[in-house]
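Going by numbering that gives the first Met the number 0, the residue at position 25 of the sequence shown is 24; the numbering climbs one at a time, nothing skipped.
Note that the Cβ used here is the ideal one computed from N, Cα and C, for glycine as well.
All values derive from a computational prediction rather than experimental measurement.
Report on the following structure.
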Amino acid sequence: MGTRLGRAVVAAIGPITADTAHGHGLPVEVVAREHTVGGLIEALERHFGAEPGRPGGV
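Shown next as structure tokens:
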């Protein structure tokens with residue numbers, strides 16, 4: 000694919016999405032434990048060092 004993502008963080012809502020992204024050459028760094036939008040947000044908060052559910056983290 001030859002993507003140029005720079006410092007972008009690739010996140011997936013679940014393992015199937017992560018596997019598909021990997022198959023297209025994307026370096027998935029974050030996968031949600033709970034496969035919902037809320038779970039994805041919490042995974043990103045954890046990744047960036049914020050306490051999940053607290054405002055002003057990311």
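Contact set for residue 13: own chain, Cβ-Cβ below 8 Å, skip 5 residues either direction: Here the set comprises 30, 31, 34.
Of the residues 37, 42, 49, the one placed nearest residue 27, counting alpha carbons only: For residue 27, the nearest C-alpha among the options comes from 42.
Coarse secondary structure for residue 28, derived from DSSP in three states: Residue 28: strand per DSSP, three-state reduction.
DSSP-derived helix/strand/coil call for residue 36: Three-state result, residue 36: helix.
Residue 7 versus residue 18 - alpha carbon distance: Cα to Cα, the separation comes out at about 18 Å.
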